[in-house]
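Heads up, the thing below is written out as structure tokens.
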Amino acid sequence: MTRTLSIQGLSLKHQQRTLVDQLDLTLKAGQVHALVGASGSGKSLTCLGILDLLPPGVHGSGAILRLDGHVVQPAHLRGREVALVLQNPRSAFNPVRSLRQHALETLHTRNVRGAQADQLILDTLHEVGLFDGQRILDSFAFQLSGGMLQRVMIALALLADSHFLLADEPTSDLDVVAQARFLDLLERLVAQRNLGVLLITHDMGVVARCADQVSVMAHGRIVEQADVHTLFHAPQSEEARTLLAAHHALTMEACTP
Amino acid sequence: MSLIQVRNVSHGYTAGGLFSKRHRIQVLSTLDLDLHEGQSLGLLGGSGSGKSTLARLLMGLETPDKGRITFNGQTLQGLDPQFLQRVQMVFQDALSAFNPQRTIGWSIAEPLRHLSNMPSDACKARVEQLLVNVKLLASDHDKLPSQLSGGQLQRAGIARAMAVNPQLIILDEALSNLDRVLQVQILDLLTDVRRESGTGFLLITHDLSLVQRFCQRVVVLAEGSLVEDREVTPRMRFEHPAARTLQEAVLPAMPKARQLQKAVLSV
Amino acid sequence: MNALSTVLSGKKGGLRVGYVLVGVLLLLALFGAWVAPYDATLVNLDDRLLPASTSHWLGTDHLGRDVLSRLIVGTQLSLGSVVLVLALVLILGVTIGGVAGIVGGKVDMFLMRLCDMFLTFPTLVLAFFLIALLGTGLTNVIIAIALSHWAWYARMVRGMVLAQRNRDYVLASRLAGASRLTRLRQHVMPNVVGQLLVLASMDIGHMMLHVSGLSFLGLGVSPPTPEWGVMINDSKEFIWTHPQLLLWPGLMIFISVMAFNLLGDALRDRLDPSVLAEIKE
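Sequences listed follow chains A, B and C, in order.
The letter at position 223 of the first sequence is residue 223 when you use my numbering, and the numbering goes up by one with no holes.
To convert, take the position in the second sequence, counting from 1, and add 1000; that gives my numbering.
To convert, take the position in the third sequence, counting from 1, and add 2000; that gives my numbering.
Right, here's the structure in full:
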């Protein structure tokens, strides 16, 4: 059976203003679901809303979260079943703790300790393409590049044995080369580990590169939901067409053989 | 004719001090580059390739350790007004490039106040015209930076750089923080500017697709030296490995065929 | 009550309350002598320790002086001395911190070590020491408090100047051909002063407590003159029999401290772009 994580009827409000309106999303294991939209369309809030990690002043209401069909509380999923990868990896790590401490802390919740934990950490770092494990573990977040930190974030998610990954603009702060490597890694893990990924982005190139399903968001609503080929060949909504036009204006010339 | 000539330039920084040994980090080594008048040149490089250092050198903010940078045949020494009238720059982070306490109009007029003898009412008219040129409203003149969006602010930054009609505008990763839709809008805007006023541009970026859309010529910087220098054509192929890596990292225009086949099969 | 709590909890509400309170205090400080119903220093031993009534709204003290009048007239000295302290502190702090940040090098070294010397002592101890040197009296108390506070401000100003100098908009201004002095005047200093006013307005309450505290100890304003700290000091013998005599001046200090803190919060929201950005998101 394919594992699924779904949310139904997610609405988010700030004072009287509706930011996200009755949103439904389903993630399937082994698939990348892209959530695209212009800035201010509510995509990042949706991501935080799923895990109930909303900024102060924003209130959610009426959302039902289901894991494999069973209703669950967001608090039970955070850091276990579902992991979060943020745009700015530097602020996601505690600056005064080494990455080894972060990794051990994650394993602590799974009751893995000692030599077994060390080995598991090194193996996982290897899996995300960080071959210099010992040096990285002894580093602090500010000593590593953005691309490496995003990999460590993924490694932590794997250590927590998460099956779903919510990635909020994970490559926006990286240069194109680091971005391509990160997306390669994501693709490999989805295939090997059967991860389900929600990939939030404003770049249709990222979508074309690795998404299976796409939801287009505008003004807090999903205006189009389709698989990636349908969307690229026959976009229905105004927003999807705008995003694709900009994307193709930049890439068509470069890619046609 | 070359506007700026870079000859044999090497430059580096001193790092370390408190906790580690002081040492010199070489960023650029024996670099040669010619910037032609009215041309738009793309400077492509990954992070840590020395792009920003080169931008600071070209802008006269630093003097190279070795070698020579000449502007219209004269050696560049610091920021004199004649130089600044001809070369201006747009920054990466638009929000921090504007004084939060001053209006947009005031900031855009700043080069006019210091670099031209324009009377103040002519200044105001020029700023309003500039705002319209970059597709902002003349009424944005009195707004504060915090009241504009990132894309609008970056356009205001371009208006400020255009104020004194320079011969060259350096865009230091000026489009990297914007989404695709805004990037295309701004590039089209800059193309119009180039066509109308003959301003040259140096677009510093890590994203080849922007260069391909906007530039006539591209140079690739890798590990402190230029490894490619060629005309931009639709089917150009880089040869140097570092440049090829950058080219291959460009995201695809359409979803991959492999998945397409899978989709077709399943239908 | 409900309405009051909604007003106080809202951001705008806090701002409004802060403005109104500070406005009222300023008016009292300027025109208090005309508003006050009685002569604040008029001793009338027949009317001593009267409770609140229609003729004396807040009652009278142990010498038969009208408490309300003394509170109103006292506003001028209490607030005035704080404003003077603040002015002195800001002048010293901005000048010394600014010079240290702008000139840098050896001058910076020397000035910062001087600051460190002042910062090693607790402010109150330093103030006592300076009063012991200068003698008592309101002027000396003001000088002592200012001298024990400036170092902290100088350090802050220096830090702010250094941070501002590296901002992109200062670089942009340099590329626009602005001279060093123009950049300082138009970009660095306004932003430093903006942040500084916020800090200072929050610190006013703190300084007011210092001035009142020293007056309470008998080091500042001397007895017949109306001042809130002195009033508390005067009536401390009656704390068990007539507690309201301490309550009223205490309440005035409390209200002014709160008013300036609210104003400081509001100013910070106005001037600090990072907070603004957060609210917008």
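Glycine included, each C-beta is placed from N, C-alpha and C at the ideal position.
Owing to the predicted nature of the structure, the values given are computational and were not obtained by experimental measurement.
Each residue's CA atom was taken as its position, placing T1070(B) and A2176(C) some 20 Å apart. For A226(A), the beta-bridge partners assigned by DSSP are V214(A). In the three-state DSSP reduction, K28(A) falls in the strand class (E or B). For S1047(B), the nearest beta carbon of chain A is closer than 8 Å to its own beta carbon. Distance from V20(A) to L199(A) at the Cβ level is roughly 18 Å; contact not present, criterion being Cβ atoms closer than 8 Å. The secondary-structure analysis by DSSP pairs F1201(B) across a beta bridge with S1040(B) and I1169(B).
For the set L1168(B), T1199(B), K1256(B) and E1223(B), the Cα lying nearest the Cα of F1083(B) is the one of L1168(B). Nearest in C-alpha terms to H2210(C), of all of I2143(C), D2046(C) and M2112(C), is I2143(C).
Per the C-alpha coordinates, the member of Q1026(B), M1089(B) and P1064(B) positioned closest to Q1077(B) is P1064(B). CA-to-CA, the gap between F1091(B) and N1099(B) works out to about 13 Å. For T251(A), the closest Cβ of chain B is nearer than 8 Å. Within the region 2174-2193 of chain C, contact with chain B at the beta-carbon level (separation under 9 Å) is assigned to R2174, L2175, A2176, G2177, A2178, S2179, T2182, Q2186, H2187, P2190 and N2191. Annotation: Cβ neighbours of R2167(C) in chain B (cutoff 7 Å, chain order): S1096. Interface annotation for the region 1097-1125 of chain B against chain C: A1097, F1098, N1099, P1100, Q1101, E1110, P1111, H1114 and L1115, criterion Cβ-Cβ distance under 7 Å.
DSSP places S1052(B) inside the alpha helix (DSSP H), whose first and last residues are K1051 to L1058.
Counting only the Cα atoms, A234(A) lies some 40 Å from M1162(B). P2122(C) and K2106(C) have their C-alpha atoms roughly 27 Å apart. For the C-beta of F232(A), the chain B residues within less than 8 Å are, from N- to C-terminus, M1254 and P1255.
At a beta-carbon threshold of 8 Å, the residues of chain C lying near P1081(B) are G2177, ordered along the chain.
Neighbourhood of A2163(C) in chain B, by CB distance below 8 Å: empty, with the nearest CB roughly 12 Å away. Listed in chain order, the non-local C-beta contacts of A240(A) below 7 Å within the same chain comprise V216, E224 and L231, local neighbours out to five positions each way being set aside. Interface residue (Cβ-Cβ distance to chain C less than 8 Å): L1084(B) is classified as such.
H1206, D1207, L1208, S1209, L1210, Q1212 and R1213: these are the residues of the region 1202-1227 of chain B whose beta carbon lies less than 8 Å from some beta carbon of chain A, given in chain order. Look at the beta carbons and you see the region 27-41 of chain A touching the region 177-193 of chain A: at least three pairs across the two are nearer than 8 Å. Note on the region 2140-2224 of chain C: whole alpha helix (DSSP H) runs with a minimum of 4 residues are 2168-2175, 2180-2183 and 2189-2216, in chain order. Inter-segment contact for the region 2083-2097 of chain C and the region 2058-2066 of chain C is absent: fewer than three beta-carbon pairs are separated by less than 8 Å. Nearest to N94(A) by C-alpha distance, out of L86(A), F140(A), G37(A) and A178(A), is F140(A). Cβ proximity to chain A below 7 Å picks out nothing from the region 1048-1081 of chain B. Proximity of D1179(B) to chain A, defined by a Cβ-Cβ separation below 8 Å, is satisfied. A straight-line Cα-Cα distance of about 57 Å links R113(A) and A2146(C). Among the bridge pairs identified by DSSP, Y1013(B) is matched with I1025(B). Taken in chain order, the whole alpha helix (DSSP H) runs of length 4 or more contained in the region 1103-1176 of chain B are 1104-1115, 1120-1133 and 1150-1162. Looking at the DSSP output, R1230(B) sits in a beta bridge with V1218(B).
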